[in-house]
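Residue numbers (our numbering): 51 to 138.
Each remark here refers to the structure printed beneath this line.
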């Protein structure tokens with residue numbers, strides 16, 4: 051079933067915004083750029099994780115996603131980004 055996979059991917063994408071708003075990759079300039087979106091991105095990421103876990107809570111992908119979901123619910127940013135690309 052592909053639907054849970056899409057929800058996990060959406061949750062990770064929203065989680066990337068939360069991570070960037072914490073200032074880890076881009077420093078203060080990136081942090082300022084993403085902070086206005088952070089609260090709604092956190093809410094949307096948690097919502098997408100809940101949908102995904104509701105459909106596929108005992109899969110490898112669910113086990114791998116659990117730490118990021120937990121961190122978001124706890125008010126922390128995810129520990130890493132999934133879709134961020136730095137270029138030269």
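Note that CB positions come from ideal geometry on N, CA and C, so glycine has one too.
Assign residue 70 to one of three DSSP states: helix, strand, or coil.
Here residue 70 is taken as the residue at index 20 of the chain shown, counted from 1. The three-state secondary structure of residue 70, taken from DSSP, is helix.
When the Cα atoms are used, what is the spatial distance from residue 118 to residue 72?
In the chain shown, counting from the first residue as 1, residue 118 sits at position 68. In the chain shown, counting from the first residue as 1, residue 72 sits at position 22. Linking residue 118 to residue 72 through their CA atoms gives a straight-line distance of about 14 Å.
Residue from 127, 135, 133 and 113 with nearest C-alpha to residue 89
Your numbering for residue 89 matches position 39 in the chain shown. Nearest of 127, 135, 133 and 113 to residue 89, Cα basis: 127.
Taking the alpha-carbon positions, what's the residue 61 to residue 84 distance?
Along the chain shown, read from residue 1 onward, the residue named residue 61 stands at position 11. Along the chain shown, read from residue 1 onward, the residue named residue 84 stands at position 34. Rounded to the nearest angstrom, the two C-alpha atoms are 16 Å apart.
Neighbourhood of residue 69 by C-beta, 6 Å cutoff - its chain only, sequence neighbours within 5 removed
On the chain shown, position 19 is the one that residue 69 refers to. Take residue 69, set aside five residues on each side of it, and the residues of its chain with a beta-carbon closer than 6 Å to its own are 127, 128 and 131, in chain order.
Under 7 Å between the Cβ atoms of residue 64 and residue 112?
Taking the chain shown and counting its residues from 1, the one referred to as residue 64 is at position 14. Taking the chain shown and counting its residues from 1, the one referred to as residue 112 is at position 62. No. Outside cutoff.
Counted within 10 angstroms of its Cβ, other Cβ atoms place residue 134 as buried (16 or more) or exposed
Taking the first residue of the chain shown as position 1, residue 134 is located at position 84. By the 10 Å Cβ count, residue 134 comes out exposed.
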